[in-house]
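Below you'll find the structure, written out as C-alpha coordinates, and then a few comments.
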Amino acid sequence: MVTAKADRLQVLMNGSPVGWLSRRTNGIVAFSYDATWLANDNTRPLSLSLPLTTQDYYGDRVENFFDNLLPDSIPLRNRLQARIGAASIRAFDLLYHIGRDCVGALQLVPEGESVDVRKITASEVDDEQIEAILQAYNAMPLGVDIDSDFRLSLAGAQEKTAFLKMRGTWHRPSGTTPTSHIFKLPMGGFGQSELDPFESVENEWLCQQLLSAFGMPVARTQIASFGHQKVLVVERFDRRWADDGSWLMRLPQEDMCQATGTPGVLKYEADGGPGMRSVMDLLLGSDRAHEDRKMFMTAQLLFWMLGAIDGHAKNFSIFLRPGGRFHLTPLYDVISIYPLVASHQIALHKVKMAMAVLGKNRHYHWNTITRRHWLDTARKCRYAEQEMTEIIEKCCDLATGCIEKVAAILPEDVPGHVAESVFSGVRQARDRLTG
(Lines of atoms letter the chains of each structure in order from A; the text may use other names.)
(Lines give C-alpha, C1' and ligand atoms only; values in the text may rest on other atoms or scores of the structure.)
Protein backbone atom coordinates (compact mmCIF):
# COMPACT_ATOMS: atom_id res chain seq x y z
CA MET A 1 0.00 0.00 0.00
CA VAL A 2 0.97 3.69 -0.26
CA THR A 3 3.66 4.55 2.28
CA ALA A 4 3.19 7.09 5.03
CA LYS A 5 6.27 8.97 3.82
CA ALA A 6 4.44 10.43 0.83
CA ASP A 7 2.38 13.61 0.91
CA ARG A 8 -1.17 12.37 1.31
CA LEU A 9 -4.70 13.58 0.80
CA GLN A 10 -7.66 11.60 2.02
CA VAL A 11 -10.31 11.05 -0.66
CA LEU A 12 -13.88 11.04 0.65
CA MET A 13 -17.38 10.45 -0.74
CA ASN A 14 -20.02 12.09 1.44
CA GLY A 15 -17.67 11.79 4.39
CA SER A 16 -16.82 8.12 3.86
CA PRO A 17 -13.12 7.33 3.28
CA VAL A 18 -12.60 6.03 -0.26
CA GLY A 19 -8.83 6.02 -0.33
CA TRP A 20 -5.64 8.05 -0.43
CA LEU A 21 -4.06 10.25 -3.05
CA SER A 22 -0.34 10.48 -2.44
CA ARG A 23 2.72 11.97 -4.03
CA ARG A 24 6.04 10.18 -3.82
CA THR A 25 9.35 11.94 -3.38
CA ASN A 26 10.01 11.46 -7.11
CA GLY A 27 6.81 13.42 -7.91
CA ILE A 28 4.76 10.43 -9.09
CA VAL A 29 1.18 10.42 -7.79
CA ALA A 30 -0.50 7.26 -6.55
CA PHE A 31 -3.97 6.27 -5.40
CA SER A 32 -4.97 3.38 -3.16
CA TYR A 33 -8.43 2.34 -2.00
CA ASP A 34 -9.14 2.26 1.72
CA ALA A 35 -9.61 -1.27 3.09
CA THR A 36 -12.95 -0.37 4.71
CA TRP A 37 -14.22 0.96 1.37
CA LEU A 38 -13.25 -2.25 -0.40
CA ALA A 39 -14.94 -4.35 2.30
CA ASN A 40 -18.32 -2.67 1.80
CA ASP A 41 -20.60 -4.83 -0.36
CA ASN A 42 -22.44 -1.72 -1.58
CA THR A 43 -19.36 0.25 -2.61
CA ARG A 44 -18.46 1.78 -5.97
CA PRO A 45 -15.21 2.64 -7.75
CA LEU A 46 -13.82 6.14 -7.71
CA SER A 47 -13.87 5.93 -11.52
CA LEU A 48 -14.46 3.38 -14.25
CA SER A 49 -10.79 3.95 -15.07
CA LEU A 50 -9.80 3.02 -11.49
CA PRO A 51 -11.60 -0.29 -10.74
CA LEU A 52 -11.75 -1.49 -7.14
CA THR A 53 -8.56 -3.30 -6.17
CA THR A 54 -6.17 -3.79 -3.27
CA GLN A 55 -3.30 -2.76 -5.54
CA ASP A 56 -2.02 0.81 -5.84
CA TYR A 57 -2.53 2.88 -8.99
CA TYR A 58 0.38 5.03 -10.15
CA GLY A 59 1.25 7.68 -12.69
CA ASP A 60 -0.80 8.94 -15.62
CA ARG A 61 -3.99 7.05 -14.83
CA VAL A 62 -4.16 8.70 -11.41
CA GLU A 63 -2.92 12.11 -12.59
CA ASN A 64 -5.47 12.19 -15.41
CA PHE A 65 -8.44 11.43 -13.17
CA PHE A 66 -7.67 14.03 -10.53
CA ASP A 67 -6.43 16.63 -13.02
CA ASN A 68 -9.85 16.48 -14.70
CA LEU A 69 -11.40 17.84 -11.49
CA LEU A 70 -9.66 21.16 -12.15
CA PRO A 71 -10.29 24.03 -14.59
CA ASP A 72 -8.94 23.45 -18.10
CA SER A 73 -7.46 26.93 -18.48
CA ILE A 74 -3.75 27.19 -17.66
CA PRO A 75 -3.97 30.99 -17.08
CA LEU A 76 -6.81 30.33 -14.63
CA ARG A 77 -4.76 27.67 -12.87
CA ASN A 78 -1.87 30.11 -12.65
CA ARG A 79 -4.14 32.70 -11.02
CA LEU A 80 -5.44 30.04 -8.64
CA GLN A 81 -1.92 29.03 -7.71
CA ALA A 82 -1.00 32.63 -6.94
CA ARG A 83 -4.19 33.17 -4.95
CA ILE A 84 -3.96 30.10 -2.72
CA GLY A 85 -0.18 29.75 -2.53
CA ALA A 86 0.00 26.29 -4.10
CA ALA A 87 3.41 24.85 -4.89
CA SER A 88 2.49 24.26 -8.56
CA ILE A 89 -0.51 24.01 -10.89
CA ARG A 90 -0.44 20.21 -10.85
CA ALA A 91 -3.49 18.39 -9.55
CA PHE A 92 -2.11 17.34 -6.17
CA ASP A 93 -0.90 20.81 -5.24
CA LEU A 94 -4.09 22.62 -6.28
CA LEU A 95 -6.46 20.03 -4.82
CA TYR A 96 -4.59 20.19 -1.53
CA HIS A 97 -6.02 23.70 -1.19
CA ILE A 98 -9.33 23.59 -3.13
CA GLY A 99 -10.38 19.93 -3.10
CA ARG A 100 -13.09 20.27 -0.46
CA ASP A 101 -15.94 20.75 -2.97
CA CYS A 102 -15.25 18.98 -6.26
CA VAL A 103 -17.55 17.94 -9.09
CA GLY A 104 -19.43 14.80 -8.05
CA ALA A 105 -19.18 13.49 -4.50
CA LEU A 106 -15.44 13.79 -4.01
CA GLN A 107 -13.69 15.74 -1.31
CA LEU A 108 -9.93 15.79 -0.88
CA VAL A 109 -8.67 16.86 2.53
CA PRO A 110 -5.26 16.75 4.22
CA GLU A 111 -4.63 13.73 6.40
CA GLY A 112 -6.16 14.18 9.84
CA GLU A 113 -8.64 16.92 8.88
CA SER A 114 -12.11 16.14 10.18
CA VAL A 115 -15.15 16.36 7.90
CA ASP A 116 -18.78 16.51 9.00
CA VAL A 117 -20.86 16.27 5.81
CA ARG A 118 -24.11 16.91 7.68
CA LYS A 119 -22.94 20.22 9.13
CA ILE A 120 -23.70 23.28 7.00
CA THR A 121 -21.48 26.29 7.56
CA ALA A 122 -22.44 29.21 5.34
CA SER A 123 -23.03 32.95 5.41
CA GLU A 124 -26.01 34.57 3.73
CA VAL A 125 -25.07 36.95 0.91
CA ASP A 126 -27.21 39.61 -0.77
CA ASP A 127 -27.20 40.69 -4.42
CA GLU A 128 -24.63 43.43 -3.80
CA GLN A 129 -22.22 41.00 -2.15
CA ILE A 130 -22.67 38.46 -4.95
CA GLU A 131 -21.99 41.17 -7.54
CA ALA A 132 -18.77 42.08 -5.74
CA ILE A 133 -17.64 38.45 -5.64
CA LEU A 134 -18.38 37.99 -9.34
CA GLN A 135 -16.66 41.20 -10.37
CA ALA A 136 -13.60 40.31 -8.28
CA TYR A 137 -13.13 37.15 -10.34
CA ASN A 138 -9.74 38.16 -11.71
CA ALA A 139 -8.39 38.45 -8.17
CA MET A 140 -10.38 35.46 -6.88
CA PRO A 141 -10.53 32.78 -9.63
CA LEU A 142 -13.46 30.37 -9.10
CA GLY A 143 -14.48 32.83 -6.39
CA VAL A 144 -11.94 31.15 -4.09
CA ASP A 145 -11.51 33.26 -0.97
CA ILE A 146 -8.84 31.97 1.39
CA ASP A 147 -9.82 34.51 4.03
CA SER A 148 -13.37 33.12 4.26
CA ASP A 149 -12.23 29.47 3.81
CA PHE A 150 -14.25 29.09 0.59
CA ARG A 151 -12.42 26.45 -1.45
CA LEU A 152 -13.93 24.64 -4.43
CA SER A 153 -12.75 23.06 -7.66
CA LEU A 154 -14.83 23.26 -10.84
CA ALA A 155 -13.71 21.68 -14.11
CA GLY A 156 -14.26 23.23 -17.52
CA ALA A 157 -13.05 26.09 -19.66
CA GLN A 158 -15.52 28.83 -18.72
CA GLU A 159 -15.12 31.30 -15.85
CA LYS A 160 -17.43 30.32 -13.00
CA THR A 161 -17.97 30.14 -9.26
CA ALA A 162 -20.66 28.58 -7.06
CA PHE A 163 -23.01 29.35 -4.19
CA LEU A 164 -25.36 27.48 -1.87
CA LYS A 165 -29.09 28.16 -2.08
CA MET A 166 -30.77 27.42 1.21
CA ARG A 167 -34.27 28.35 2.35
CA GLY A 168 -34.70 30.51 -0.74
CA THR A 169 -31.63 32.69 -0.21
CA TRP A 170 -28.04 32.57 -1.45
CA HIS A 171 -25.22 31.62 0.87
CA ARG A 172 -21.43 31.52 0.71
CA PRO A 173 -20.38 28.13 2.13
CA SER A 174 -17.11 27.60 3.96
CA GLY A 175 -14.94 24.65 4.85
CA THR A 176 -16.37 21.41 3.49
CA THR A 177 -19.96 22.63 3.01
CA PRO A 178 -21.04 21.97 -0.60
CA THR A 179 -22.42 24.42 -3.14
CA SER A 180 -25.75 23.85 -4.89
CA HIS A 181 -25.59 26.17 -7.92
CA ILE A 182 -22.87 27.16 -10.39
CA PHE A 183 -22.70 30.78 -11.57
CA LYS A 184 -21.23 31.03 -15.09
CA LEU A 185 -19.89 34.41 -16.13
CA PRO A 186 -20.14 35.68 -19.72
CA MET A 187 -17.34 34.35 -21.89
CA GLY A 188 -14.53 36.74 -22.62
CA GLY A 189 -14.69 38.98 -19.62
CA PHE A 190 -16.17 40.24 -16.42
CA GLY A 191 -18.98 42.76 -16.41
CA GLN A 192 -21.41 43.82 -19.08
CA SER A 193 -18.92 45.98 -20.99
CA GLU A 194 -16.55 43.16 -21.91
CA LEU A 195 -16.73 41.45 -25.29
CA ASP A 196 -18.68 38.20 -25.30
CA PRO A 197 -19.07 37.25 -28.98
CA PHE A 198 -21.20 34.21 -28.14
CA GLU A 199 -23.45 36.17 -25.75
CA SER A 200 -22.88 32.98 -23.85
CA VAL A 201 -25.28 33.41 -20.94
CA GLU A 202 -28.32 33.83 -23.18
CA ASN A 203 -26.95 31.38 -25.77
CA GLU A 204 -26.48 28.53 -23.31
CA TRP A 205 -29.86 29.15 -21.68
CA LEU A 206 -31.49 29.05 -25.11
CA CYS A 207 -29.74 25.82 -26.13
CA GLN A 208 -30.70 24.12 -22.88
CA GLN A 209 -34.33 25.15 -23.37
CA LEU A 210 -34.34 23.79 -26.92
CA LEU A 211 -32.81 20.49 -25.85
CA SER A 212 -35.42 20.20 -23.12
CA ALA A 213 -38.18 20.91 -25.66
CA PHE A 214 -36.81 18.02 -27.75
CA GLY A 215 -37.25 15.80 -24.70
CA MET A 216 -33.63 15.65 -23.54
CA PRO A 217 -32.69 15.71 -19.84
CA VAL A 218 -30.71 18.89 -19.17
CA ALA A 219 -29.26 20.84 -16.28
CA ARG A 220 -31.72 23.47 -15.03
CA THR A 221 -30.58 26.99 -15.88
CA GLN A 222 -31.71 30.55 -15.26
CA ILE A 223 -30.44 33.92 -16.46
CA ALA A 224 -29.88 36.19 -13.47
CA SER A 225 -28.39 39.60 -12.75
CA PHE A 226 -26.73 40.73 -9.54
CA GLY A 227 -26.33 44.47 -9.77
CA HIS A 228 -24.65 45.04 -13.14
CA GLN A 229 -23.28 41.49 -13.41
CA LYS A 230 -25.17 38.97 -15.52
CA VAL A 231 -24.64 35.23 -15.02
CA LEU A 232 -26.13 31.90 -15.96
CA VAL A 233 -27.21 30.11 -12.79
CA VAL A 234 -26.98 26.33 -13.19
CA GLU A 235 -28.56 24.02 -10.63
CA ARG A 236 -26.07 21.27 -9.83
CA PHE A 237 -27.42 17.80 -10.63
CA ASP A 238 -24.60 16.28 -8.58
CA ARG A 239 -26.21 17.66 -5.41
CA ARG A 240 -29.46 16.65 -3.70
CA TRP A 241 -30.99 17.67 -0.41
CA ALA A 242 -31.62 14.86 2.07
CA ASP A 243 -35.27 13.93 2.49
CA ASP A 244 -35.48 15.86 5.76
CA GLY A 245 -33.73 18.89 4.22
CA SER A 246 -31.03 18.91 6.87
CA TRP A 247 -27.97 18.43 4.65
CA LEU A 248 -26.92 18.54 1.01
CA MET A 249 -25.74 15.21 -0.39
CA ARG A 250 -23.07 14.89 -3.06
CA LEU A 251 -23.86 12.49 -5.93
CA PRO A 252 -20.88 10.57 -7.39
CA GLN A 253 -20.20 11.27 -11.05
CA GLU A 254 -17.35 11.58 -13.53
CA ASP A 255 -16.90 12.87 -17.06
CA MET A 256 -15.97 10.75 -20.07
CA CYS A 257 -12.34 11.81 -19.93
CA GLN A 258 -12.13 10.51 -16.38
CA ALA A 259 -14.08 7.35 -17.19
CA THR A 260 -11.73 6.50 -20.06
CA GLY A 261 -8.51 7.60 -18.35
CA THR A 262 -8.00 10.42 -20.86
CA PRO A 263 -6.12 13.60 -19.92
CA GLY A 264 -8.27 16.71 -20.16
CA VAL A 265 -5.95 18.29 -22.73
CA LEU A 266 -7.08 15.53 -25.13
CA LYS A 267 -10.81 16.07 -24.60
CA TYR A 268 -11.41 16.69 -28.32
CA GLU A 269 -11.48 13.61 -30.54
CA ALA A 270 -9.27 15.30 -33.15
CA ASP A 271 -6.59 15.65 -30.46
CA GLY A 272 -6.81 11.98 -29.50
CA GLY A 273 -9.76 12.02 -27.12
CA PRO A 274 -12.82 9.75 -27.05
CA GLY A 275 -15.18 9.85 -30.02
CA MET A 276 -18.71 8.59 -30.51
CA ARG A 277 -17.65 4.97 -30.92
CA SER A 278 -15.64 4.99 -27.68
CA VAL A 279 -18.49 6.52 -25.70
CA MET A 280 -21.10 4.21 -27.23
CA ASP A 281 -18.94 1.19 -26.38
CA LEU A 282 -18.58 2.40 -22.79
CA LEU A 283 -22.36 2.90 -22.52
CA LEU A 284 -22.92 -0.78 -23.32
CA GLY A 285 -22.04 -1.27 -19.65
CA SER A 286 -24.62 1.24 -18.39
CA ASP A 287 -27.39 -0.09 -16.17
CA ARG A 288 -29.78 1.45 -18.68
CA ALA A 289 -27.70 0.85 -21.78
CA HIS A 290 -30.48 1.12 -24.39
CA GLU A 291 -31.78 4.43 -23.02
CA ASP A 292 -28.32 5.92 -22.58
CA ARG A 293 -27.09 4.94 -26.03
CA LYS A 294 -30.23 6.41 -27.57
CA MET A 295 -29.80 9.57 -25.50
CA PHE A 296 -26.17 9.94 -26.57
CA MET A 297 -26.88 9.49 -30.29
CA THR A 298 -29.84 11.87 -30.06
CA ALA A 299 -27.67 14.42 -28.24
CA GLN A 300 -24.99 14.24 -30.93
CA LEU A 301 -27.56 14.78 -33.68
CA LEU A 302 -29.15 17.69 -31.79
CA PHE A 303 -25.73 19.22 -31.11
CA TRP A 304 -25.15 19.24 -34.86
CA MET A 305 -28.61 20.72 -35.48
CA LEU A 306 -27.94 23.38 -32.82
CA GLY A 307 -24.44 24.15 -34.06
CA ALA A 308 -23.27 23.16 -30.57
CA ILE A 309 -19.67 22.39 -31.43
CA ASP A 310 -18.25 21.79 -27.95
CA GLY A 311 -19.71 18.36 -27.21
CA HIS A 312 -16.35 16.84 -26.27
CA ALA A 313 -15.68 14.06 -23.77
CA LYS A 314 -15.64 16.35 -20.73
CA ASN A 315 -19.13 17.56 -21.58
CA PHE A 316 -20.67 14.12 -21.15
CA SER A 317 -20.78 12.56 -17.68
CA ILE A 318 -22.06 9.50 -15.86
CA PHE A 319 -23.49 9.00 -12.38
CA LEU A 320 -21.59 6.30 -10.48
CA ARG A 321 -23.94 3.94 -8.64
CA PRO A 322 -23.34 1.31 -5.94
CA GLY A 323 -21.96 -1.98 -7.16
CA GLY A 324 -20.15 -0.41 -10.10
CA ARG A 325 -23.36 0.51 -11.95
CA PHE A 326 -23.56 3.78 -13.88
CA HIS A 327 -25.70 5.81 -16.28
CA LEU A 328 -25.61 9.15 -18.10
CA THR A 329 -26.20 12.44 -16.33
CA PRO A 330 -28.32 15.24 -17.83
CA LEU A 331 -26.72 17.34 -20.58
CA TYR A 332 -24.83 20.52 -19.75
CA ASP A 333 -22.48 23.19 -21.17
CA VAL A 334 -24.22 23.42 -24.55
CA ILE A 335 -23.66 26.58 -26.60
CA SER A 336 -24.32 27.35 -30.27
CA ILE A 337 -21.90 28.74 -32.84
CA TYR A 338 -24.76 30.07 -35.01
CA PRO A 339 -24.69 33.64 -33.59
CA LEU A 340 -21.06 33.95 -34.70
CA VAL A 341 -21.91 32.53 -38.13
CA ALA A 342 -24.82 34.96 -38.51
CA SER A 343 -22.60 37.93 -37.61
CA HIS A 344 -19.94 36.76 -40.12
CA GLN A 345 -17.32 36.19 -37.41
CA ILE A 346 -16.83 32.63 -38.62
CA ALA A 347 -17.74 30.96 -41.91
CA LEU A 348 -20.06 27.97 -41.70
CA HIS A 349 -17.68 25.83 -43.76
CA LYS A 350 -15.05 26.29 -41.03
CA VAL A 351 -17.31 25.11 -38.21
CA LYS A 352 -16.08 21.80 -36.75
CA MET A 353 -17.83 19.44 -34.35
CA ALA A 354 -16.08 18.13 -31.22
CA MET A 355 -16.72 14.50 -32.17
CA ALA A 356 -16.54 13.22 -35.72
CA VAL A 357 -19.51 11.79 -37.57
CA LEU A 358 -18.38 8.59 -39.26
CA GLY A 359 -18.57 7.57 -42.90
CA LYS A 360 -15.75 6.24 -45.04
CA ASN A 361 -13.80 9.03 -43.32
CA ARG A 362 -14.25 11.05 -40.15
CA HIS A 363 -16.39 14.14 -40.75
CA TYR A 364 -15.86 17.04 -38.34
CA HIS A 365 -16.97 19.95 -40.52
CA TRP A 366 -20.61 20.89 -40.01
CA ASN A 367 -21.35 21.50 -43.69
CA THR A 368 -19.98 18.12 -44.85
CA ILE A 369 -22.25 16.06 -42.58
CA THR A 370 -25.31 14.45 -44.18
CA ARG A 371 -28.11 12.12 -43.14
CA ARG A 372 -26.19 9.16 -44.59
CA HIS A 373 -23.24 9.88 -42.31
CA TRP A 374 -25.45 9.63 -39.23
CA LEU A 375 -26.65 6.20 -40.35
CA ASP A 376 -23.05 5.14 -41.05
CA THR A 377 -22.09 6.36 -37.59
CA ALA A 378 -24.84 4.31 -35.98
CA ARG A 379 -23.63 1.14 -37.68
CA LYS A 380 -20.03 1.77 -36.65
CA CYS A 381 -21.19 2.35 -33.09
CA ARG A 382 -23.11 -0.95 -33.09
CA TYR A 383 -26.39 0.95 -32.92
CA ALA A 384 -29.36 -0.10 -35.04
CA GLU A 385 -29.71 1.90 -38.26
CA GLN A 386 -33.49 1.78 -37.93
CA GLU A 387 -33.33 3.36 -34.48
CA MET A 388 -31.05 6.10 -35.79
CA THR A 389 -33.49 6.71 -38.63
CA GLU A 390 -36.29 7.09 -36.08
CA ILE A 391 -34.19 9.56 -34.06
CA ILE A 392 -33.52 11.67 -37.17
CA GLU A 393 -37.15 11.68 -38.25
CA LYS A 394 -38.42 12.49 -34.77
CA CYS A 395 -35.99 15.41 -34.30
CA CYS A 396 -36.90 16.79 -37.72
CA ASP A 397 -40.62 16.45 -37.03
CA LEU A 398 -40.31 18.17 -33.65
CA ALA A 399 -38.05 21.04 -34.74
CA THR A 400 -40.72 23.61 -35.63
CA GLY A 401 -42.78 22.95 -32.52
CA CYS A 402 -39.73 23.09 -30.25
CA ILE A 403 -38.66 26.42 -31.72
CA GLU A 404 -42.15 27.85 -31.24
CA LYS A 405 -42.30 26.55 -27.66
CA VAL A 406 -39.00 28.18 -26.69
CA ALA A 407 -39.76 31.39 -28.61
CA ALA A 408 -42.90 31.75 -26.50
CA ILE A 409 -40.92 31.81 -23.24
CA LEU A 410 -37.94 33.95 -24.31
CA PRO A 411 -37.00 36.47 -21.61
CA GLU A 412 -36.76 40.08 -22.74
CA ASP A 413 -33.01 40.16 -22.12
CA VAL A 414 -32.28 37.44 -24.71
CA PRO A 415 -31.14 39.40 -27.80
CA GLY A 416 -33.38 38.77 -30.77
CA HIS A 417 -30.45 38.18 -33.11
CA VAL A 418 -29.12 35.40 -30.85
CA ALA A 419 -32.43 33.58 -30.73
CA GLU A 420 -33.16 33.99 -34.43
CA SER A 421 -29.71 32.83 -35.50
CA VAL A 422 -30.07 29.65 -33.43
CA PHE A 423 -33.64 29.04 -34.60
CA SER A 424 -32.62 29.61 -38.22
CA GLY A 425 -29.65 27.28 -37.85
CA VAL A 426 -31.84 24.50 -36.48
CA ARG A 427 -34.24 24.90 -39.41
CA GLN A 428 -31.35 24.78 -41.87
CA ALA A 429 -29.99 21.60 -40.28
CA ARG A 430 -33.44 20.01 -40.38
CA ASP A 431 -33.76 20.85 -44.06
CA ARG A 432 -30.37 19.24 -44.74
CA LEU A 433 -31.59 16.04 -43.10
CA THR A 434 -34.93 15.97 -44.92
CA GLY A 435 -33.92 17.36 -48.31
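Position 234 (the sequence shown) corresponds to 234 in full-length UniProt numbering; numbering is contiguous.
Virtual Cβ for every residue (Gly too), placed ideally from N, Cα, C.
Fill in: Sequence-distant residues of its chain with Cβ nearer than 6 Å to residue 352 (five each side left out)
Taking the sequence shown and counting its residues from 1, one reaches residue 352 at position 352. Excluding residues within five positions, the ones whose Cβ falls inside 6 Å are 364, 365.
Worksheet item: Quick one: is residue 438 buried, meaning 16 or more other Cβ sit within 10 Å of its Cβ, or exposed?
Response: Absent from the structure is residue 438, since the part of the chain shown begins at 1 and ends at 435.
Item to complete: State yes or no: is the C-beta of residue 10 within less than 9 Å of the C-beta of residue 159?
Response: Here residue 10 is taken as the residue at index 10 of the sequence shown, counted from 1. Here residue 159 is taken as the residue at index 159 of the sequence shown, counted from 1. For residue 10 and residue 159, no; Cβs fall outside 9 Å.
Discussion item. Spatial neighbours of residue 309 within its chain, please: C-beta separation below 7 Å, excluding the five flanking residues on both sides.
Written reply: For the purposes of this step, residue 309 is taken as the residue at position 309 of the sequence shown. Correct list, in chain order: 337, 351, 352, 353, 354.
Worksheet item: So the alpha helix (DSSP H) residue 101 belongs to, where does it begin and stop?
Response: Taking the first residue of the sequence shown as position 1, residue 101 is located at position 101. From DSSP, residue 101 is part of no alpha helix (DSSP H); its letter is neither H nor E.
Item to complete: List the DSSP bridge partners of residue 33.
Response: By 1-based counting over the sequence shown, the position of residue 33 is 33. Answer is 19, bridged to residue 33.
Fill in: Backbone CA spacing between residue 325 and residue 33 [nearest angstrom]
Taking the first residue of the sequence shown as position 1, residue 325 is located at position 325. Taking the first residue of the sequence shown as position 1, residue 33 is located at position 33. Answer to the nearest angstrom: the Cα atoms are 18 Å apart.
Worksheet item: When you compare each of 313, 379, 403 to residue 72 by their alpha carbons, which one comes out closest?
Response: What you label residue 72 is simply residue 72 of the sequence shown in a count that begins at 1. Per the Cα distances, 313.
Worksheet item: By DSSP, does residue 74 sit in helix, in strand, or in coil?
Response: Here residue 74 corresponds to residue number 74 of the sequence shown, with the count starting at 1. Residue 74 falls in the helix class under three-state DSSP.
Worksheet entry | Own chain residues within Cβ distance below 6 Å of residue 124, not counting five before or after | One-based indexing of the sequence shown puts residue 124 at position 124. Closer than 6 Å at the Cβ level, and outside the excluded window around residue 124, lie 169, 171.
Worksheet item: Whose C-alpha, out of 128, 187, 179, is nearest the C-alpha of residue 228?
Response: The sequence position of residue 228 within the sequence shown is 228, counting from 1. Ranking the options by Cα distance to residue 228, first place goes to 128.
Item to complete: Identify every residue that forms a DSSP beta bridge with residue 163.
Response: What you label residue 163 is simply residue 163 of the sequence shown in a count that begins at 1. Residue 163 is bridged to 181.
Worksheet item: Do you know offhand how far residue 302's Cα is from residue 108's?
Response: Numbered from its first residue, the sequence shown carries residue 302 at position 302. Numbered from its first residue, the sequence shown carries residue 108 at position 108. Residue 302 and residue 108: Cα-Cα distance of roughly 36 Å.
Discussion item. Comparing C-alpha positions only, which one of 54, 68, 367 sits nearest to residue 60?
Written reply: Counting from one through the sequence shown, the residue named residue 60 turns up at place 60. Among 54, 68, 367, the Cα nearest to that of residue 60 belongs to 68.
Practice prompt. Kindly give me the distance between the Cβ atoms of residue 437 and residue 202, rounded to whole angstroms, as I take these residues to be in contact under 8 Å.
Written response: Residue 437 lies beyond the range of the chain shown here (1 to 435); nothing can be said about it.
Fill in: the stretch 231 to 246 in contact with the stretch 256 to 264 per 3-pair CB rule at 8 Å
no
Practice prompt. Determine the contact status of residue 361 and residue 348, defining contact as a CB-CB distance below 9 Å.
Written response: Numbered from its first residue, the sequence shown carries residue 361 at position 361. Numbered from its first residue, the sequence shown carries residue 348 at position 348. In this structure, residue 348 does not lie closer than 9 Å to residue 361 by Cβ.
Worksheet item: Does the Cβ of residue 315 have 16 or more other Cβ atoms within 10 Å, making it buried, or fewer, making it exposed?
Response: The residue you call residue 315 lines up with position 315 of the sequence shown. Answer is buried; the Cβ neighbour count reaches 16.
Fill in: Cβ-based neighbour list, residue 369, same chain, cut-off 7 Å, excluding 5 preceding and 5 following
As a working mapping, residue 369 is identified with position 369 in the sequence shown. Closer than 7 Å at Cβ, skipping near neighbours: 304, 357, 363.
Worksheet item: What first and last residue would you give for the alpha helix (DSSP H) that runs through residue 428?
Response: Position 428 of the sequence shown, counted from the first residue, corresponds to residue 428. Counting along the chain, the alpha helix (DSSP H) containing residue 428 begins and ends at 416 to 434.
Worksheet item: How long is the line joining the alpha carbons of residue 44 and residue 323, rounded to whole angstroms?
Response: As a position in the sequence shown, residue 44 is number 44, starting the count at 1. As a position in the sequence shown, residue 323 is number 323, starting the count at 1. Cα to Cα, residue 44 sits roughly 5 Å from residue 323.
Item to complete: Pick helix, strand or coil for residue 354, following the three-state DSSP scheme.
Response: As a first step, residue 354 is located in the sequence shown; it is residue number 354 there, counting from the start. Residue 354 falls in the strand class under three-state DSSP.
Worksheet item: Relative to the alpha-carbon of residue 207, which residue among 420, 433, 434 has its alpha-carbon at the smallest distance?
Response: Looking up residue 207 in the sequence shown gives position 207. It is 420 whose Cα lies nearest to the Cα of residue 207.
Item to complete: Taking 9 Å as the cut-off, decide whether the C-beta atoms of residue 14 and residue 103 are in contact.
Response: One-based indexing of the sequence shown puts residue 14 at position 14. One-based indexing of the sequence shown puts residue 103 at position 103. Going by C-beta atoms, residue 14 is not nearer than 9 Å to residue 103.
Worksheet item: Nearest to residue 398 by CA position, among 200, 216, 35, is which residue?
Response: As a working note, residue 398 is residue 398 in the sequence shown. Closest by alpha carbon: 216.
Worksheet item: Taking DSSP as the reference, what is the three-state secondary structure of residue 113?
Response: For this step, residue 113 is matched to residue 113 along the sequence shown. Three-state DSSP puts residue 113 in coil, outside helix and strand.
Worksheet item: If you count every other CB in all the chains shown that lies within 10 Å of the CB of residue 408, and 16 or more means buried, which is it?
Response: On the sequence shown, position 408 is the one that residue 408 refers to. Looking at its Cβ environment, which holds fewer than 16 other Cβ atoms inside 10 Å, residue 408 is exposed.
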